[in-house]
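For reference, the structure discussed in these notes is given below.
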Amino acid sequence: MTKLAPLAIAVFGYVAFLVGMVATYARLPERVASHFGANGVANGWMSRDGYVWFMVGAVTFTSLLLVGLCGSVRFLPASLVNIPRRDYWLAPERRDETGRVLARFGLLMAGLESLFFLAIHLLVVVANESNPVRLSNDVWWLLVAFLAATGGLTFKLYRRFS
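As structure tokens, this is what we get:
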């Protein structure tokens, strides 16, 4: 993977999320079913604007948090960093490379998280267009895929530092 690929993935994911929110705004009703029980039945509602701003805020916050936390490792005291063989990887001669690896991980996770929230949003749009309002069971497959991708990236990162 090239050095800029994680940044490109993060930017692509976030921009795709924003474009998806704008493109589907008019398809949402004034009162949006925004929370669903495990059976897919709506049990929480928000105004359309409230829902959109909440989603944009949540994705922006979590993306910045992932990038910020992973990118700040270079500047944190070693005692605050929890990685395998911490003393080895945070030694002065390796600390910058460790910081770059973790920053790339944060960017990849931010892109993945943005695309996950976009997919959730699209399922919410479709649910709100149905009568009665009901979230598709596809949300569970989406969650499994997201957790598998997150687990795979985390495992790869763990192996890198072991």
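Heads up, the working numbering is the position in the sequence shown plus 3, with the first residue counted as 1.
Using N, Cα and C, we set each Cβ at its ideal position, and we do this for glycine too.
Closest Cα partner of residue i within the set the options
i                : options                        : result
glutamate 132    : Val18, Ala13, Asn85, Arg34     : Arg34
tyrosine 28      : Trp56, Leu115, Val70           : Trp56
phenylalanine 78 : Ser117, Ser165, Thr101         : Thr101
glycine 40       : Ala130, Val14, Thr153          : Ala130
alanine 151      : Val127, Phe119, Arg103         : Phe119
asparagine 42    : Tyr161, Asn140, Thr153         : Asn140
alanine 45       : Val127, Arg103, Pro9, Val18    : Val127
serine 66        : Pro9, Tyr91, Phe158            : Pro9
valine 14        : Leu110, Phe149, Arg103, Arg163 : Leu110
leucine 145      : Arg162, Leu125, Arg163         : Leu125
Residues bridged to residue i [DSSP beta-bridge criterion]
i              : result
serine 50      : Arg34
valine 104     : Looking at the DSSP assignment, valine 104 forms no beta bridge with any residue, so it has no partner.
methionine 137 : Note on identity: in this sequence residue 137 is arginine, with methionine being the wrong assignment. The partner list for arginine 137 (beta bridge, DSSP) reads Val44.
Same chain only: Cβ atoms within 6 angstroms of residue i, ignoring 5 sequence neighbours per side
i         : result
serine 37 : Gly47, Met49, Tyr54
valine 62 : Phe20, Ser117, Phe120
8 angstroms Cβ cutoff met for residue i and residue j
i              : j           : result
glycine 23     : leucine 156 : no
leucine 21     : arginine 51 : no
proline 80     : serine 165  : no
alanine 113    : valine 70   : yes
isoleucine 123 : valine 142  : yes
glycine 16     : leucine 105 : no
7 angstroms Cβ shell around residue i - same chain, five flanking residues per side excluded
i           : result
leucine 160 : Phe108
Review point. Pairing CB atoms from the region 87-102 with CB atoms from the region 134-149, are three or more of them under 8 angstroms?
Key: no
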